[in-house]
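Encoded as structure tokens, the structure appears first; notes follow it.
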Ligand code: HEM
């Protein structure tokens with residue numbers, strides 16, 4: 027299924043005014059689905075919560091620029107090694123993320139929008155996982 031950037035962008039734009047609540051909902055869903063993931067995140071996440079949506083905005087903005095998108099996702103995937111993120115974690119994150127976008131994007135959510143999100147998330151996750159796997163060397167470097 028090809029990614030439809032317009033559908034992804036339109037639904038994300040409707041979520042943005044509610045980004046804080048959507049992020050809280052996302053983390054709530056994620057930790058309910060897999061409580062073990064909670065330990066990866068800092069105890070207090072107030073400042074960080076919305077970073078996920080800023081990052082999604084960036085990914086969505088780059089959907090028409092494959093080279094820049096690959097670079098961005100590659101860096102993000104490599105950075106995630108230091109959090110202890112493994113490929114199997116991406117499924118729960120994707121489910122919680124799409125549930126949050128569905129909930130906060132209003133009445134216009136439909137099956138075409140859902141498919142567009144599943145395709146976009148799968149592409150992003152695969153790039154991040156691939157970049158992390160290709161990277162040799164320690165996940166941490168001494169400052
Ligand atoms: C498409 C998928 C994902 C995107 C776009 C994404 C995006 C981000 C971004 C932008 C940050 C902040 C990085 C920074 O500014 O330093 C972050 C941090 C983090 N991400 Fe992800 N992420 C994704 C998948 C995952 C997955 C699958 C996990 C596994 C549970 C995960 C766990 C974390 C953790 C633990 C942090 C650090 C949180 C903190 O210190 O506040 N992420 N992610």
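Residue numbers (our numbering): 27 to 169.
From the three backbone atoms N, C-alpha and C, an ideal C-beta is built for every residue, glycine too.
Near residue i, what residues of its chain come up, given a Cβ to Cβ distance below 6 Å and the 5 sequence neighbours on each side ignored?
i          : result
residue 40 : 131, 132
Quick check: what's the CA-CA separation for residue i versus residue j?
i           : j           : result
residue 162 : residue 134 : 44 Å
residue 66  : residue 99  : 20 Å
residue 88  : residue 46  : 23 Å
residue 64  : residue 83  : 24 Å
residue 141 : residue 150 : 14 Å
residue 160 : residue 113 : 13 Å
residue 137 : residue 55  : 21 Å
residue 57  : residue 81  : 20 Å
residue 70  : residue 156 : 30 Å
Should residue i and residue j be called a contact, given that it needs their Cβ atoms to be closer than 8 Å?
i           : j          : result
residue 126 : residue 36 : no
residue 207 : residue 75 : Past the boundaries of the shown model lies residue 207; the chain is included only from 27 to 169, so the question cannot be answered.
Suppose the cutoff is 8 Å on Cβ atoms and the five residues either side in sequence are ignored; what does the same chain contact list for residue i look like?
i           : result
residue 86  : 31, 34, 35, 38, 146
residue 52  : 78, 122, 123, 125, 126
residue 154 : 99, 100, 102, 103, 106, 116
residue 59  : 118, 121, 122
residue 94  : 88
residue 129 : 48, 51
residue 72  : none
residue 42  : 79, 83
Apart from the five residues on each side of it in sequence, which residues of its chain come closer than 7 Å, Cβ to Cβ, to residue i?
i           : result
residue 139 : 33, 37
residue 29  : 89, 142, 145, 146, 149
residue 158 : 103, 104, 106, 107
residue 110 : 66
residue 96  : 153
inquiry  = Restricting to runs no shorter than 4 residues, where is the alpha helix (DSSP H) found entirely within the segment 67–112?
reply    = Runs found: 77–87, 92–105.
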